[in-house]
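Reviewing the structure listed below.
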Amino acid sequence: GRPATVATLVRLSDDWVDLHSHNEQHRLRERSTQRRIIDTAGDIDTTSLTTLAEELSLIEAELAAGGGNPEEREREIDLATYHLEEIERAAITDTDEEHTLRKTAEVLGDAEQVTALLDTTIDLLDDDAALATASTAMAGYGALDAAATRLRSHLDEQRDLVSELRSLRASIEDDPAALEAVQNRLSLLADLRRRFGRDLSAVLDYADGLRRRLAELADHDGRRARLTEQAAQIIDKLAIVSTQVRTQRR
Numbered sequence: 361g362r363p364a365t366v367a368t369l370v371r372l373s374d375d376w377v378d379l380h381s382h383n384e385q386h387r388l389r390e391r392s393t394q395r396r397i398i399d400t401a402g403d404i405d406t407t408s409l410t411t412l413a414e415e416l417s418l419i420e421a422e423l424a425a426g427g428g429n430p431e432e433r434e435r436e437i438d439l440a441t442y443h444l445e446e447i448e449r450a451a452i453t454d455t456d457e458e459h460t461l462r463k464t465a466e467v468l469g470d471a472e473q474v475t476a477l478l479d480t481t482i483d484l485l486d487d488d489a490a491l492a493t494a495s496t497a498m499a500g501y502g503a504l505d506a507a508a509t510r511l512r513s514h515l516d517e518q519r520d521l522v523s524e525l526r527s528l529r530a531s532i533e534d535d536p537a538a539l540e541a542v543q544n545r546l547s548l549l550a551d552l553r554r555r556f557g558r559d560l561s562a563v564l565d566y567a568d569g570l571r572r573r574l575a576e577l578a579d580h581d582g583r584r585a586r587l588t589e590q591a592a593q594i595i596d597k598l599a600i601v602s603t604q605v606r607t608q609r610r
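Take a look at the structure:
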């Protein structure tokens with residue numbers, strides 16, 4: 361139950377190795393492991409030291425991977441610019457565009473049958489003279505007011521529908537060129553998805569990432585200078601904290 365000095369802990373650390381498996385003996389004899397044992401026993405807080413060392417390691421890794429040499433950087437800029445221009449040329453403004461284009465292609469691909477169907481439907485709905493006569497006749501009987509009102513409402517809705525169907529009919533033509541344009545657009549968007557994202561939203565996100573990366577590469581020297589300054593500040597802090605820890609270990 362009596363406290364042990366640091367020197368005693370160092371001397372005993374080799375004895376503790378025997379309490380572990382053979383594969384751990386070398387690890388426990390390492391200086392860093394001995395220090396951890398001593399720091400734990402001496403209630404020495406090395407959290408700040410560890411945190412600063414990790415921050416410095418991250419900055420050094422970022423500096424090492426920060427754009428490579430000028431030739432590699434130029435190649436990355438060229439490739440990122442090329443990909444970004446490809447996406448921007450597609451002028452994607454609606455992430456559901458493919459769904460809309462598929463519906464358009466379906467109609468254009470079967471334009472003759474679709475227009476014939478619309479013509480038949482318009483003819484059936486457009487002949488509302490009998491219903492209009494019935495509605496007028498019913499209005500003369502108080503007991504039929506409610507039914508007459510509903511019939512007039514039905515006629516109004518039917519006439520609106522006929523107007524919409526006529527507009528739709530007028531927009532549909534047997535136009536091979538228009539169908540080819542839609543199919544080409546679908547192929548372009550599918551190619552962008554295959555290369556840059558699972559859907560058009562992901563493709564646009566990828567483009568944003570390219571813009572950020574190009575900005576970083578353009579600011580390579582400034583960014584490197586800022587990281588170097590951060591590393592120097594952390595090294596200064598490490599020196600202070602290391603001195604404090606060494607003092608506590610004595």
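For this note's numbering, add 360 to where a residue sits in the sequence shown, where the first one is 1.
Don't be surprised by glycine CBs; every beta carbon is placed ideally from N, CA and C.
Item                                                                                                                                         : Value
Does DSSP put Gly500 in a helix, a strand or coil?                                                                                           : coil
Just verifying my parser: in three-state terms, what is the DSSP assignment at Arg558?                                                       : coil
Taking the alpha carbon of Ala591 as the point to measure from, which residue in Asp486, Leu511 and Glu420 has its own alpha carbon closest? : Glu420
Tell me the DSSP secondary structure of Ile595 in three-state form.                                                                          : helix
May I ask which residues mark the beginning and end of the alpha helix (DSSP H) holding Ala507?                                              : Asp505 to Ser531
Determine, using beta carbons only, whether Leu444 and Arg545 come nearer to each other than 8 Å.                                            : no
Quick check: what's the CA-CA separation for Leu598 versus Asp438?                                                                           : 40 Å
On the DSSP letters alone, give me the boundaries of the alpha helix (DSSP H) that Ala413 sits inside.                                       : Thr407 to Ala424
Along the chain, where does the alpha helix (DSSP H) that runs through Asp438 open and close?                                                : Pro430 to Ala450
Does the pairing of the region 514-526 with the region 477-486 give three or more beta-carbon distances under 8 Å?                           : yes
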